[in-house]
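Q: Take this structure first; my questions come after.
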Amino acid sequence: MADDAGRLEPGGGEQRGGDVERSVLPPVRRPTELERLADWFDGRTGFGRYARMALRKVFPDHWTFLLGEVALFCFVILLATGVFMTFFYTPDSRPTTYHGPYAPLAGAQVSAAFESVMRLSFEVRAGLLMRQIHHWTALVFLGSIGVHLARVFFTGAFRRPRDINWLIGVTLLLLALAEGFTGYSLPDDLLSGTGLRIAYSAALSIPFIGPWLASLIFGGEFPTLELISRLFVFHVMLLPGLLIGAIGTHLLIVYVQTHTQYKSRATREDNVVGLPFWPGQVFRSVGLLFLTAAVIALIAGLIQINPVWLYGPFIPYAVSSPAQPDWYVGWLEGLLRLGLPFEPTILGVTIPSPFIPGIVIPGILFTILLLWPFIEARATGDHAEHHLLDWPWESPIRTATGAAGIALFLVITLAGGNDVIGVFLNVPVETLTAILRVLFVVLPVATWLLIYWLASSQRRRRAAGADTSHIRAGGVAIRRTATGGFEEIDAIEGDAD
Amino acid sequence: MLAAVGLRPYGALVLIAATVGAWALIVGPATLVAGAGQVNQVASLDTGRALYLQGCASCHGSAGQGTPNGPSIVDAGAAGADFELRTGRMPLAAPSLPEVRQPPAYDEAQIEALVAFVASLGNGPAIPDVVASVGDLARGRQIYIANCAACHGATGAGGTVGGGFVAPGLDLADPRTVAEATVVGPGPMPAFAFDRQQLDDLAAYVEELHHPPHPGGLPVAEVGPVAEGFLAFFVGIVTLVAVARWTGRAPR
Amino acid sequence: MNDRTTERPERMRRSAPGDRQEPDPPPLAIPENPMAERIVGAAFVAALLAGFGLLGVYLLGGQTQVEAILLTICLGGIGAGIIVWSQALLPNRIVSETRHPLRSEPDEEGGVLAAPAITRRTMLIRLMAAAFAGLGAALAIPVFSLGPAPGRDLFVTPWRSGLRLVDDQGAVVHRDQIPMGGLLTVFPDGSPGSADGQTLLINVGAGLLQVAPDRLSWAPEGFVAYSKVCTHAGCPVGLYRASLHSLICPCHQSTFDVLRGAVPTGGPAVRPLPQLPIKLQSDGTFVALGDFTEPVGPSFWNIHSGG
Numbered sequence: 170m171a172d173d174a175g176r177l178e179p180g181g182g183e184q185r186g187g188d189v190e191r192s193v194l195p196p197v198r199r200p201t202e203l204e205r206l207a208d209w210f211d212g213r214t215g216f217g218r219y220a221r222m223a224l225r226k227v228f229p230d231h232w233t234f235l236l237g238e239v240a241l242f243c244f245v246i247l248l249a250t251g252v253f254m255t256f257f258y259t260p261d262s263r264p265t266t267y268h269g270p271y272a273p274l275a276g277a278q279v280s281a282a283f284e285s286v287m288r289l290s291f292e293v294r295a296g297l298l299m300r301q302i303h304h305w306t307a308l309v310f311l312g313s314i315g316v317h318l319a320r321v322f323f324t325g326a327f328r329r330p331r332d333i334n335w336l337i338g339v340t341l342l343l344l345a346l347a348e349g350f351t352g353y354s355l356p357d358d359l360l361s362g363t364g365l366r367i368a369y370s371a372a373l374s375i376p377f378i379g380p381w382l383a384s385l386i387f388g389g390e391f392p393t394l395e396l397i398s399r400l401f402v403f404h405v406m407l408l409p410g411l412l413i414g415a416i417g418t419h420l421l422i423v424y425v426q427t428h429t430q431y432k433s434r435a436t437r438e439d440n441v442v443g444l445p446f447w448p449g450q451v452f453r454s455v456g457l458l459f460l461t462a463a464v465i466a467l468i469a470g471l472i473q474i475n476p477v478w479l480y481g482p483f484i485p486y487a488v489s490s491p492a493q494p495d496w497y498v499g500w501l502e503g504l505l506r507l508g509l510p511f512e513p514t515i516l517g518v519t520i521p522s523p524f525i526p527g528i529v530i531p532g533i534l535f536t537i538l539l540l541w542p543f544i545e546a547r548a549t550g551d552h553a554e555h556h557l558l559d560w561p562w563e564s565p566i567r568t569a570t571g572a573a574g575i576a577l578f579l580v581i582t583l584a585g586g587n588d589v590i591g592v593f594l595n596v597p598v599e600t601l602t603a604i605l606r607v608l609f610v611v612l613p614v615a616t617w618l619l620i621y622w623l624a625s626s627q628r629r630r631r632a633a634g635a636d637t638s639h640i641r642a643g644g645v646a647i648r649r650t651a652t653g654g655f656e657e658i659d660a661i662e663g664d665a666d
Numbered sequence: 002m003l004a005a006v007g008l009r010p011y012g013a014l015v016l017i018a019a020t021v022g023a024w025a026l027i028v029g030p031a032t033l034v035a036g037a038g039q040v041n042q043v044a045s046l047d048t049g050r051a052l053y054l055q056g057c058a059s060c061h062g063s064a065g066q067g068t069p070n071g072p073s074i075v076d077a078g079a080a081g082a083d084f085e086l087r088t089g090r091m092p093l094a095a096p097s098l099p100e101v102r103q104p105p106a107y108d109e110a111q112i113e114a115l116v117a118f119v120a121s122l123g124n125g126p127a128i129p130d131v132v133a134s135v136g137d138l139a140r141g142r143q144i145y146i147a148n149c150a151a152c153h154g155a156t157g158a159g160g161t162v163g164g165g166f167v168a169p170g171l172d173l174a175d176p177r178t179v180a181e182a183t184v185v186g187p188g189p190m191p192a193f194a195f196d197r198q199q200l201d202d203l204a205a206y207v208e209e210l211h212h213p214p215h216p217g218g219l220p221v222a223e224v225g226p227v228a229e230g231f232l233a234f235f236v237g238i239v240t241l242v243a244v245a246r247w248t249g250r251a252p253r
Numbered sequence: 014m015n016d017r018t019t020e021r022p023e024r025m026r027r028s029a030p031g032d033r034q035e036p037d038p039p040p041l042a043i044p045e046n047p048m049a050e051r052i053v054g055a056a057f058v059a060a061l062l063a064g065f066g067l068l069g070v071y072l073l074g075g076q077t078q079v080e081a082i083l084l085t086i087c088l089g090g091i092g093a094g095i096i097v098w099s100q101a102l103l104p105n106r107i108v109s110e111t112r113h114p115l116r117s118e119p120d121e122e123g124g125v126l127a128a129p130a131i132t133r134r135t136m137l138i139r140l141m142a143a144a145f146a147g148l149g150a151a152l153a154i155p156v157f158s159l160g161p162a163p164g165r166d167l168f169v170t171p172w173r174s175g176l177r178l179v180d181d182q183g184a185v186v187h188r189d190q191i192p193m194g195g196l197l198t199v200f201p202d203g204s205p206g207s208a209d210g211q212t213l214l215i216n217v218g219a220g221l222l223q224v225a226p227d228r229l230s231w232a233p234e235g236f237v238a239y240s241k242v243c244t245h246a247g248c249p250v251g252l253y254r255a256s257l258h259s260l261i262c263p264c265h266q267s268t269f270d271v272l273r274g275a276v277p278t279g280g281p282a283v284r285p286l287p288q289l290p291i292k293l294q295s296d297g298t299f300v301a302l303g304d305f306t307e308p309v310g311p312s313f314w315n316i317h318s319g320g
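Protein sequences appear in the order of chains A, B and C.
Just so you know, the numbering used here puts 273 at position 104 of the first sequence, and the rest follows in order with no gaps.
Just so you know, the numbering used here puts 216 at position 215 of the second sequence, and the rest follows in order with no gaps.
Just so you know, the numbering used here puts 25 at position 12 of the third sequence, and the rest follows in order with no gaps.
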């Protein structure tokens, strides 16, 4: 290793530009352990030349760019806790008798799946903590995806060339929803069984293919013995595999395309201004990973979630009220609750009542979301590449549309909890539903108009040139060259805030 | 009358249940109730009538026949009267007000007198015998999930049953009123014909729901995924956005 | 640790002799911040202690809340330490680099695929596509093994004429079990707990029902039986407001009028809950007079075809 370490000395080789600073370096320095390890690895793989490219890559620096990382770290936590739980979970719908320590279920007929979740919760040490971290993380995972998606949307980060990554991102959202729903159903408890019943009915409602589709997915008429083992394969193999692949691609594309950046005195369409990946961004991201885990661990350990022992095993003829799915599926449940009693039969083909609110409207909403970059490009005629982010007021129509979407999501999510909210507000649930049906139409429209007006007036005000407070300070003194080196440039003037 | 003596304080119920309950199984429940009932009956009826005419007759009529302001309670029976009075649902300050659980307006002796009087009006159900301590939790859970959870919720937190009606939470429901409610079917609630064993089992499980184990921490989940989702978003996500904000602050 | 911070910045070394040498970043002074160093150190020590504390709690039998708090301190200590380090003790140098076009340079063959040798054989390409389509069709076959053909499953339940009404434990139901204003979930004898056979037997009392005359005979002495499977999305219609004779589904609040043949009076359901023809026998038990005359549960496209 001694001769290897000796090569740390600079010298020899072709030097290209920017070597003026070489003279100020210390003549000799003993390599650190980390460097020796890196050198050991490099000496056997030659990986250093690629690592240097990656480690020195510049990432623009803004806290909103960390929201996607929060989602990523949630996924890491989900994988870690999920693997642990897999060691204890039995994916089997077949009945067994519960003999565990929870007295009210003593001797009860439960499925093997439910029994294993009870064992994990009451008999495996730290099992309940793992299960609660997993469940809370799932709730937060979907939320952080939503916040990240909102950031990308409202800053126009999805525009070419990142429309491809928007497609992958929305696909990730769909996969995460499916992953969440299948996981929610695995304990085979009374509450989640009701959710599966509704999912079956929604599949059944699709004209022509519904009965076949429902039978193929569920293995026959609901409920079936195959169901839990199928959900398990989806939850721990197919969907996580797809998620890992899609997340990897998502990140690779971010790397290849380099990140977008906010407008500032230093930033232009043809440059990237920020912190190099190593060490600044790596420290920051690793720190954020641990902080994300810490926040979730605290919530998960102190606040009980999904007490399946109280709900008990799934029994097809029993139901508990209020009956809700986890929050991220609440909007689908809400659409069904807002649905009108409308079930026409046209030429012998019945359009079941759940079809339009449960299948058609979610399909339309997701299609609009998925294709938004192309819809916007078509509408504005702007097909150019964009690397500088918009501020929300710079594109009033986009911002108003996004806000209307959030308003719609809010209304239908609240509708999914109309029974609980009705009791809370002391309003009959039917009245609340009627109000929400009106808001379903009115609130998005009103929100659109309001936000459009606000954004437009803001844009006019700023266009008048008086206010430049949104221009961030510059201060760049170093420029990274095409091949990964650095060169000094003139400091960019910026009004430090 | 067994439950009437033993219900408050709860500890007394356990004692009486252990001793008298065993005896009751031998002698037979009918004998016990009838025998205990006759002792106070004569004295109570007069007091009960007086209280009734003062507090109830304006709506339910002087003989319980009902008026435009209130329904007939001729066949409400001891169980119905005891349930309404003990849970404070009756008397109402005004006929138009909704029936909600309140501290009882009468003391123990007054309730007993009123109950005896209402029971004498017709052929209503007697106060059911129930001893939660001899009930079986597992069987009770089964009965509860099959018959009660649809409205009162698997956790006993209560919930809407539509039309502005609410199935109340069972956190204050004691074995006696639980049993009375199943017999009477108060308000929009249906009536049930549980036998004595089933009532004991059910009461035992409702008692269990008052203090179920919460190994996972704060039991916000008693209203289920709505509360969980609210917390996930307004505690979890908000905190994590703040953490990201702090993590990503401009380095100095 | 303190010594290390006074060192000059470390530099990437070139990967191999003769490799193209990139200029290293100009040196930056490493920030001196003793206060931040103390904070980072304290955070790491807290994490260390909490980690071993967690181990101790676990070995002593475990307690979820204590474990969670110690885990939070351990994770949070590491995280906060690293973040403070990155913010206060690293030379956070803002760097600018040039953004390069994403599109690849065209090579001499033109285009990325650049394969006239392949594209010239138009016919073969089409045939190959057809071959893959054939393979796709062949591979689709196992998909149909995933579940039985829907067939008549959706149109029938286990109810048959002459089957006695039993409860969820399989015990024969007697009329005394259902007081006036009461209800019970019943099943066909031999299928207790059946998902599509679940039926509500409700005692509304004689003379109140307003159903068609032929269906009135299906409800002896005011005992009327309706399917418990909601015709909207299939949840058990478990909520019953006895005083108003209305059944409510807790999932989407479809409401059904028990006195008028369980027609929906609110919520998204459209079809009434099917009524089960039953007979009250002299011993106070009930038997079914047949299956439901229409499909139970949620609608599907050919539900009105009669199967």
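Even for Gly, the Cβ is constructed at its ideal location relative to N, Cα and C.
Residues in the region 574-605 of chain A with C-beta within 7 Å of chain B's C-beta atoms, listed in sequence order?
A: Cβ contacts with chain B come from G586, D588, V589, G591, V592, P597, V598 and E599.
Q: For chain B, find out if any of its Cβ atoms is closer than 8 Å to the Cβ of A487 of chain A; answer yes or no.
A: With 8 Å as the cut-off, A487 of chain A counts as an interface residue toward chain B.
Q: Could you tell me whether the region 251-263 of chain A touches the region 322-331 of chain A, where touching means 3 or more Cβ pairs closer than 8 Å?
A: Short answer: they don't touch.
Q: Would you please verify whether the beta carbon of E50 of chain C is less than 8 Å from any beta carbon of chain F?
A: Within the model displayed, chain F is absent; protein chains A, B and C are what it includes.
Q: Identify, in the order they occur along the chain, each residue of the same chain with its Cβ nearer than 6 Å to the Cβ of S625 of chain A, setting aside the five sequence neighbours on each side.
A: The answer, listed in chain order, is P565.
Q: Counting only beta-carbon separations shorter than 8 Å, does N216 of chain C have a partner in chain A?
A: No, N216 of chain C lies away from the interface with chain A (no Cβ there is under 8 Å from its Cβ).
Q: In angstroms, rounded to a whole number, what distance separates the CA positions of V498 of chain A and F350 of chain A?
A: Taking the straight line from one Cα to the other gives about 7 Å.
Q: For the region 231-246 of chain B, list every residue whose C-beta sits within 8 Å of some C-beta in chain A, in sequence order.
A: The residues in question are F231, L232, A233, F234, V236, G237, I238, T240, L241, V242, V244, A245 and R246.
Q: Which residues in chain B have a C-beta closer than 7 Å to the C-beta of H231 of chain A? List them in chain order.
A: Going along chain B in sequence order, the residues near H231 of chain A (Cβ under 7 Å) are G249.
Q: Can you find a C-beta in chain B that's less than 8 Å from the C-beta of T132 of chain C?
A: It does not; no Cβ of chain B falls within 8 Å.
Q: Kindly indicate which residue of A:A371, A:N334 and A:H303 has the alpha-carbon position closest to the one of L504 of chain A.
A: Selected option, being the one with the closest Cα: A:A371.
Q: Could you tell me which residues DSSP puts in a beta bridge with S240 of chain C?
A: Looking at the DSSP assignment, S240 of chain C forms a beta bridge with C:T212.
Q: For R506 of chain A, collect the residues of the same chain with a Cβ closer than 7 Å to its Cβ; drop the 5 residues on either side in sequence, then sort them by chain order.
A: So the list reads A584, G585, N587 and T602, once near-sequence residues are dropped.
Q: Label V309 of chain A either buried or exposed according to how many other C-beta atoms from any shown protein chain fall within 10 Å of its C-beta, with 16 as the threshold for buried.
A: Buried.
Q: Taking A168 of chain B as the reference, which of B:A182, B:P176 and B:R177 has the closest Cα?
A: That would be B:A182, whose Cα lies nearest to the Cα of A168 of chain B.
Q: Assuming A492 of chain A and T582 of chain A form a contact by the criterion Cβ under 8 Å, report the distance between their Cβ atoms to the nearest whole angstrom.
A: A492 of chain A to T582 of chain A, Cβ: 16 Å. No contact.
Q: Might you give, ordered along the chain, the residues of its own chain that have their beta carbon closer than 6 Å to the beta carbon of P285 of chain C, omitting 5 neighbours on each side?
A: The residues are G274, A275 and V276.
Q: Any heavy atom of the ligand COA inside 7 Å of the beta-carbon of V300 of chain C?
A: In the structure shown, the ligand COA is absent, as is every other ligand, since no ligand is present at all.
Q: Between the Cα of P244 of chain B and those of A:S313, A:I474, A:A487 and A:H428, spot the shortest distance and give me the residue it belongs to.
A: For the sequence presented, residue 244 of chain B should be read as Val rather than Pro. The option with the nearest alpha carbon to V244 of chain B is A:S313.
Q: I'd like the list of long-range same chain contacts for G352 of chain A, defined as Cβ closer than 7 Å, with 5 residues on each side in sequence excluded.
A: These residues qualify, in order along the chain: A307 and H404.
Q: Does the beta carbon of G269 of chain A sit closer than 8 Å to a beta carbon anywhere in chain C?
A: Judged by the 8 Å Cβ criterion, G269 of chain A is not in contact with chain C.
Q: Would you say Q78 of chain C faces chain B, with C-beta separation under 8 Å as the test?
A: Yes, Q78 of chain C counts as interfacial toward chain B.
Q: Write down every uninterrupted run of the beta strand (DSSP E) in the region 242-285 of chain C whose length is 3 residues or greater and which is fully enclosed by it, in chain order.
A: If we require 3 residues or more, the beta strand (DSSP E) runs fully inside the region 242-285 of chain C come out as 252-254, 259-261, 268-270 and 276-279.
Q: Quick one: grab the DSSP three-state call for R177 of chain C.
A: In this structure, R177 of chain C counts as strand in the three-state DSSP scheme.
Q: Given D201 of chain B, which residues of its chain have a CB within under 7 Å of its CB, disregarding the five upstream and five downstream residues?
A: So the list reads V131, V132, A133, V135 and G136, once near-sequence residues are dropped.
Q: Where I146 of chain B and G571 of chain A are concerned, what is the direct C-alpha to C-alpha distance, given to the nearest angstrom?
A: Their Cα atoms are separated by approximately 43 Å.
Q: Establish whether the CB of Q450 of chain A and some CB of chain B are separated by less than 8 Å.
A: So, not an interface residue.
Q: For a cutoff of 8 Å on Cβ pairs, would you count A255 of chain C as touching chain B?
A: True, the Cβ-Cβ gap to chain B drops below 8 Å.
Q: Identify each residue in the region 419-442 of chain A for which the Cβ-Cβ distance to at least one residue of chain C is less than 9 Å, and report them in chain order.
A: Hits within the stretch, in order: V425, Q426, T427, A435, T436, R437, E438, D439, N440, V441 and V442.
Q: For A147 of chain B, which residues in chain C fall below 8 Å Cβ to Cβ?
A: The answer, in chain order, is D181 and T198.
Q: Look up A301 of chain C in the DSSP assignment and say whether it is helix, strand or coil.
A: DSSP places A301 of chain C in strand when its eight states are reduced to three.
Q: My parser needs the alpha helix (DSSP H) runs of 4 or more residues fully inside the region 95-124 of chain B; what are they?
A: Entirely contained in the region 95-124 of chain B, the alpha helix (DSSP H) runs reaching 4 residues are, in chain order, 109-122.
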